[in-house]
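Trainee: Below is the structure I would like to discuss, written out as structure tokens.
Protein chains: 2
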Amino acid sequence: MLTENTIDRDGQQKLYVQVYGSIKDKIERCQWPVSAQIPTEDELCITYGVSKATVRIAISNLVRDGYLRRQQGKGTFVASSMPHMGMAMRTIFTEDMFGEGVKAKKEVLVKGIKEPPEDIKEYLKAKDDIFYVFLKRLVDGEPAYVEESFIPLQVFPGVASEDISRASFYDLIQEKAVRKIFKVVQTIEITMLRGDIAAVLKRPEGSPALLLHRLLLGSNEIPIAYTRLTGIGGKYKIQTEFERVK
Amino acid sequence: MLTENTIDRDGQQKLYVQVYGSIKDKIERCQWPVSAQIPTEDELCITYGVSKATVRIAISNLVRDGYLRRQQGKGTFVASSMPHMGMAMRTIFTEDMFGEGVKAKKEVLVKGIKEPPEDIKEYLKAKDDIFYVFLKRLVDGEPAYVEESFIPLQVFPGVASEDISRASFYDLIQEKAVRKIFKVVQTIEITMLRGDIAAVLKRPEGSPALLLHRLLLGSNEIPIAYTRLTGIGGKYKIQTEFERVK
DNA sequence: TAGTGGTCTAGACCACGTG
DNA sequence: ACGTGGTCTAGACCACTAG
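As you go down the protein sequences, you meet chains S and X in turn.
Residue numbering for the first sequence follows my numbering, starting at 6 and increasing by one per position.
Residue numbering for the second sequence follows my numbering, starting at 6 and increasing by one per position.
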């Protein structure tokens, strides 16, 4: 299909799908190079002979799929990187035990202001006080994993008076913190159990464990909080569901 | 805030945000119970005194956030389960090596029709032939992980003639298979290396490894393909990025 | 101040699911 | 045939960004 600005009105294809395809085509052929500004919405209306609402649906879908980036008052731009394995999906990351342990319980072990390790200080780019929570999660009475969270008081002044063992840290932040979460970067790897954590989990030091880092970021990539989760091998599993959103 | 159907037109709050909040409120107070049909879009227009476009933005956002479910020709319904850690985000799951190995290369070891293990047969619910691919990925010449994929010929008849080593399996399916991917369920855990895989990865049998299962589903939860990825501990990391989509 | 994307209206007609 | 959500129009005005 050639890149034409013609819209087939008698055809079966929806108008906004045709506009979507035409714009996507131009991007993929680099007719509109990366980070270039594309024509304004009003111009596109004239080009394709459709109304603004139609153009906006097409553009919204292109933004959702990672092809474009919108900036109010400035314009619409070709997004920097093509979404490789990227998908606009509703994501559910659950931390679930093997075998669906029912009597799961969180138990806070340490809580308060603490000077964090250097690497975490780096991640959080925070100069002021950082709140620290260290908790373990029990399943059927057996320790299953430990969770360490670091959150600058600046972004969540009231954190000290929250019941952390009940809600998930994510929900708590989303509901009560100053900043909202816009991005999550999560890394999973295998490590050897650190001595102090091994003791809490009642496992020999150095036995293999699942280590999950999670950095929560606000708009403009500003760090909000950091969570580190260590689960013992064999018993612990992380399940993530991605569901396409319309 | 009480559940009222009043919209503040002089206020700062956008109309569709107010409508969003009011509906969300009704759902959370179980005034509209789970799986109940909510008023039609036209009715909501009258209730709130706004236009259809405004109501549709509010409802679209509620669908995106997992509160509602739309069915053309039937109506709009309260979604069955509240999204706990669910977010409508653009998701990028990358399989990245520790240290960003540049000279990464995929190498296909086995390829063809194969009778799959019972558990995978179960997942795929497929009665006919299943295509099997077994490949290893090298980073800087060293084996880093192996990947086993199972895909029924029914959903991807042309799979045998594709260059699997180049593209990702996900992209290939999305582009050329009969069915499109609508949902991904992914599980990560620690296991001991199986003998045959240990040999390929040049590691002792039984050493700890990262095991990632990934089930790709189409619309109506129909299984499309199954991928299993085994990476060695210490060297291998899985990074996932979640970015909120507007 | 000019130009952009963002919101909103008051309609119209279409496509789909059910009786 | 009817009611539902889905698409589409041709405007208007607002909010943000930049010169």
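Using N, Cα and C, we set each Cβ at its ideal position, and we do this for glycine too.
Within 8 Å of any Cβ in chain S, is that where the Cβ of ARG184/X sits?
Mentor: Against the second sequence, residue 184/X aligns to sequence position 179. Closer than 8 Å: no.
Trainee: Using only the alpha-carbon positions, how far apart do ASP168/S and ILE186/X sit?
Mentor: As a first step, residue 168/S is located in the first sequence; it is residue number 163 there, counting from the start. As a first step, residue 186/X is located in the second sequence; it is residue number 181 there, counting from the start. Their backbone Cα atoms lie some 39 Å apart in a straight line.
Trainee: Quick one: list the residues of chain X neighbouring LYS242/S, beta-carbon separation under 8 Å, in chain order.
Mentor: Your numbering for residue 242/S matches position 237 in the first sequence. Within chain X, the residues near LYS242/S are THR192, ILE193, GLU194.
Trainee: Name the two residues that bound the continuous beta strand (DSSP E) containing TYR231/S.
Mentor: By 1-based counting over the first sequence, the position of residue 231/S is 226. From DSSP, the beta strand (DSSP E) with TYR231/S extends over 228–237.
Trainee: Can you give the Cα-Cα distance for THR196/X and ALA214/X, rounded to whole angstroms?
Mentor: Position 191 of the second sequence, counting from 1, holds the residue named residue 196/X. Position 209 of the second sequence, counting from 1, holds the residue named residue 214/X. Their Cα atoms are separated by approximately 5 Å.
Trainee: Roughly how many angstroms separate the alpha carbons of GLY104/X and LYS207/X, rounded to a whole number?
Mentor: The sequence position of residue 104/X within the second sequence is 99, counting from 1. The sequence position of residue 207/X within the second sequence is 202, counting from 1. In this predicted model, GLY104/X has a pLDDT of only 49, less than 50, meaning its place in the structure is not dependable; the value taken from the coordinates is given anyway. Cα to Cα, the separation comes out at about 20 Å.
Trainee: If the cut is a Cβ gap below 7 Å, which residues of chain S does LYS57/X touch?
Mentor: Translated into the one-based positions of the second sequence, residue 57/X becomes position 52. The premise fails here: LYS57/X is roughly 11 Å from chain S at the closest Cβ pair, so nothing lies under 7 Å.
Trainee: Give a yes or no on whether the minimum CB-CB distance between LEU114/X and chain S is below 8 Å.
Mentor: Mapped onto the second sequence, residue 114/X falls at position 109. So no, LEU114/X is outside the interface.
Trainee: Could you say which of PHE82/S, GLU180/S, ILE227/S, LYS110/S lies nearest to VAL39/S if we only look at CA atoms?
Mentor: Within the first sequence, residue 39/S is the residue found at index 34, counting from 1. Considering only alpha carbons, the answer is PHE82/S.
Trainee: Exposed or buried, which one is VAL55/X when buried takes at least 16 other CB atoms within 10 Å?
Mentor: By one-based count along the second sequence, residue 55/X stands at place 50. That one is buried.
Trainee: Take THR245/X and list the residues in its own chain whose beta-carbon comes closer than 6 Å to its own, dropping the five residues that flank it on each side.
Mentor: The sequence position of residue 245/X within the second sequence is 240, counting from 1. Excluding positions up to five away in sequence, the list reads PHE98.
Trainee: In the DSSP assignment, find the beta strand (DSSP E) that holds ARG199/S and state where it starts and stops.
Mentor: Here residue 199/S is taken as the residue at index 194 of the first sequence, counted from 1. Premise fails: ARG199/S is in no beta strand (DSSP E) and is neither H nor E.
Trainee: Could you compute how far the alpha carbon of ARG142/S sits from the alpha carbon of GLU180/X?
Mentor: Residue numbering aside, residue 142/S sits at position 137 when the first sequence is read from its first letter. Residue numbering aside, residue 180/X sits at position 175 when the second sequence is read from its first letter. Between ARG142/S and GLU180/X, the C-alpha separation is close to 42 Å.
Trainee: Measuring straight from C-alpha to C-alpha, what distance separates LYS242/X and PRO148/X?
Mentor: Here residue 242/X refers to the residue found at position 237 of the second sequence. Here residue 148/X refers to the residue found at position 143 of the second sequence. The alpha-carbon atoms of LYS242/X and PRO148/X are separated by roughly 14 Å.
Trainee: For LYS132/S, count neighbouring Cβ atoms within 10 angstroms of its own Cβ and tell me buried if that reaches 16, exposed if not.
Mentor: On the first sequence, position 127 is the one that residue 132/S refers to. Under this definition LYS132/S is an exposed residue.
Trainee: Hey, could you find the ends of the beta strand (DSSP E) GLU246/X is sitting in?
Mentor: By one-based count along the second sequence, residue 246/X stands at place 241. Where GLU246/X is concerned, the enclosing beta strand (DSSP E) stretches over 241–249.
Trainee: Determine which residues of the region 204–228 of chain X have a Cβ less than 8 Å from any Cβ of chain S, and write them out in chain order.
Mentor: If the cut-off is 8 Å between Cβ atoms, the region 204–228 of chain X has PRO213, ALA214, LEU215 near chain S.
Trainee: What residue from VAL113/S, LEU73/S, GLU226/S, PHE139/S has the CA that sits closest to LEU129/S's CA?
Mentor: For the purposes of this step, residue 129/S is taken as the residue at position 124 of the first sequence. It is GLU226/S.
Trainee: So is VAL189/X buried or exposed if we call it buried at 16+ other beta carbons inside 10 Å?
Mentor: On the second sequence, position 184 is the one that residue 189/X refers to. So VAL189/X counts as buried.
Trainee: I'd like the list of long-range same chain contacts for MET6/S, defined as Cβ closer than 6 Å, with 5 residues on each side in sequence excluded.
Mentor: The residue you call residue 6/S lines up with position 1 of the first sequence. Residue placement at MET6/S is flagged as unreliable, the pLDDT there being 48, under the threshold of 50; a coordinate-derived value is accordingly withheld.
Trainee: Let's test the definition: count the other Cβ atoms within 10 Å of the Cβ of GLY211/S and tell me whether it reaches 16, buried, or not, exposed.
Mentor: Against the first sequence, residue 211/S aligns to sequence position 206. Per the 10 Å Cβ criterion, exposed.
Trainee: When you compare only the Cα positions, how much space is there between LYS116/X and ILE202/X?
Mentor: The residue labelled residue 116/X in the question sits at position 111 within the second sequence. The residue labelled residue 202/X in the question sits at position 197 within the second sequence. When rounded, the distance between both Cα atoms is 16 Å.
Trainee: Going by alpha carbons, who is nearest to LEU73/X out of ASP47/X, GLN42/X, ARG95/X?
Mentor: Stepping through the second sequence from its first residue, residue 73/X is reached at position 68. If we check each option's Cα against that of LEU73/X, GLN42/X comes out closest.
Trainee: Report the neighbours of GLU167/S on chain X: residues whose CB is nearer than 8 Å to its CB, in chain order.
Mentor: Numbered from its first residue, the first sequence carries residue 167/S at position 162. The premise fails here: GLU167/S is roughly 17 Å from chain X at the closest Cβ pair, so nothing lies under 8 Å.
Trainee: What runs of the alpha helix (DSSP H), each 4 residues or longer, lie entirely inside the region 62–137 of chain S?
Mentor: Fully enclosed alpha helix (DSSP H) runs of 4 or longer: 123–129.
Trainee: Closer than 9 Å by beta-carbon distance: list the chain S residues that pair up with LYS188/X, in chain order.
Mentor: For the purposes of this step, residue 188/X is taken as residue 183 along the second sequence, with counting starting at 1. What LYS188/X touches in chain S: MET94, GLU246, PHE247, GLU248, ARG249.
Trainee: Could you tell me whether the Cβ atoms of LEU221/X and LEU234/X are closer together than 8 Å?
Mentor: Translated into the one-based positions of the second sequence, residue 221/X becomes position 216. Translated into the one-based positions of the second sequence, residue 234/X becomes position 229. Not a contact, by the Cβ cut-off of 8 Å.
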